[in-house]
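As structure tokens, the structure follows; a few thoughts come after it.
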Amino acid sequence: MIKMGDFFQMIWNKIYKTFIYDDRYLFFVEGLKTTLILTFGSFILGTLFGILLTVMQRSGNSALQKTGRGIASLLRGIPTMVLLMIMAYIVFGKSSLPLMLIAIIGLTLKAGSYLSEIFNTALNTVQPGEVEAARTLGMNKWQAFSKVVLPQTVTSAMPLYINQFVMSMQETSVVGYLAIIDLTKASSIVTSRTMDAFFGLIFITLIYFVIGLIAKQFVKLFDSRRKQEPAND
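Those letters in the sequence shown? Residues 0 to 232, by numbering that gives the first Met the number 0.
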């Protein structure tokens with residue numbers, strides 16, 4: 000039977016080997032930094048790309064509509080890891096671009112393809128009659144969009160938008176295959192040296208969970224304040 004003191008000593012030894020010995024915590028610090036850069040960089044740019052695809056799909060030009068739908072469908076159908084490999088080894092294979100930038104580009108394309116679907120779905124929830132009523136009241140197209148379409152679209156899209164942020168963060172875990180040290184790769188490196196994956200995996204799991212939780216709370220707070228704005232005017 001293992002004594003309590005021996006048990007805690009064993010736990011401490013494992014924690015020491017995983018994080019403290021040979022400054023291995025620096026792998027996790029670097030991995031967290033990389034994960035945050037990849038997540039926020041690709042999601043912000045992905046939002047802009049998603050808006051572009053949405054505009055293309057909802058334009059009056061048939062060629063643009065088909066192109067927008069085709070690009071979005073193609074990108075959604077390619078696994079993230081395969082898309083990153085295509086970006087790194089084919090599209091930018093002979094370029095001198097940093098792997099981090101290539102990864103951000105690939106993740107941006109992936110996030111944008113999903114976000115365009117979210118934006119289109121949210122826009123479809125707005126009834127055409129509401130826009131027509133706004134125009135009847137004397138609003139121009141921009142006023143009808145900003146006062147009638149946009150608020151409803153944001154409200155409808157927000158839950159899925161938050162979820163997609165979390166999904167985009169999780170998808171950064173595959174960049175280790177491109178020799179980029181993110182959180183998952185950091186855990187893998189440390190595990191290869193300690194031959195014990197437990198604490199490294201538990202740690203990065205908690206980090207991913209906390210980042211996602213903070214993001215959800217932040218966006219919910221932002222959305223709550225946005226909803227209160229008309230009442231304060």
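For glycine and all other residues, C-beta sits at the position ideal for the given N, C-alpha and C. As the structure is a prediction and not an experimental result, all values here were calculated from the model.
**Asked** Going along the chain, which unbroken runs of the alpha helix (DSSP H) with 4 or more residues stay wholly within the stretch 133 to 205?
**Response** 140 to 143, 149 to 170 and 182 to 193
**Asked** When we look at the beta-carbon of K219 and count the other beta-carbons within 10 Å, is it buried (16 or more) or exposed?
**Response** In the sequence shown, the residue the question calls residue 219 occupies position 220. Exposed, by the Cβ-count rule.
**Request:** Please state whether DSSP places I77 in a helix, a strand or coil.
**Result:** Here residue 77 refers to the residue found at position 78 of the sequence shown. In this structure, I77 counts as coil in the three-state DSSP scheme.
**Asked** Nearest CA to the CA of T53: which residue from T152, I77, F6 and G4?
**Response** Indexing the sequence shown from 1 puts residue 53 at position 54. For T53, the nearest C-alpha among the options comes from T152.
**Item:** Buried or exposed by the 16-neighbour rule on C-beta atoms within 10 Å, applied to K32
**Value:** Looking up residue 32 in the sequence shown gives position 33. The residue in question, K32, is exposed, as its Cβ has fewer than 16 Cβ neighbours within 10 Å.
**Message:** What ranges does the alpha helix (DSSP H) occupy inside the stretch 23 to 71, keeping only unbroken runs of at least 4 residues that lie completely in it?
**Reply:** 24 to 56
**Asked** Alpha carbon to alpha carbon, how far is V28 from T183?
**Response** Taking the first residue of the sequence shown as 1, we reach residue 28 at position 29. Taking the first residue of the sequence shown as 1, we reach residue 183 at position 184. Computed Cα separation, rounded: 12 Å.
**Asked** G239 and A185: beta carbons closer than 8 Å?
**Response** Since the displayed the chain opens at 0 and closes at 232, residue 239 lies outside it and no answer follows.
**Asked** Among M194, K146, G199 and L122, which one has its Cα closest to the Cα of I50?
**Response** Taking the sequence shown and counting its residues from 1, one reaches residue 50 at position 51. The residue with the shortest Cα to Cα distance from I50 is L122.
**Request:** Could you check the C-alpha separation between Q216 and I117 for me, to the nearest Å?
**Result:** Locating residue 216 in the sequence shown gives position 217, where the first residue counts as 1. Locating residue 117 in the sequence shown gives position 118, where the first residue counts as 1. Distance between the alpha carbons of Q216 and I117 is about 20 Å.
**Request:** Could you check the C-alpha separation between L114 and V147 for me, to the nearest Å?
**Result:** Residue numbering aside, residue 114 sits at position 115 when the sequence shown is read from its first letter. Residue numbering aside, residue 147 sits at position 148 when the sequence shown is read from its first letter. Approximately 21 Å, taken between the alpha carbons.
**Item:** Delimiting residues of the alpha helix (DSSP H) encompassing K109
**Value:** Here residue 109 refers to the residue found at position 110 when the sequence shown is read from its first residue. Per DSSP, K109 belongs to the alpha helix (DSSP H) from L98 to N123.
**Item:** Beta-carbon contacts of G175 that lie in its chain and below 7 Å, excluding the five residues immediately before and after
**Value:** Counting from 1 along the sequence shown, the entry for residue 175 is found at position 176. D181, T183, K184 and S187.
**Anticipated Cβ contact below 8 Å, T296 with T171, distance rounded** = Past the edges of the chain, shown from 0 to 232, lies residue 296, and the structure says nothing about it.
**Close-in-space but distant-in-sequence residues of the same chain around F197 (CB under 6 Å, 5 per side omitted)** = Working through the sequence shown from its first residue, we reach residue 197 at position 198. Cβ within range, chain order: n/a, list empty.
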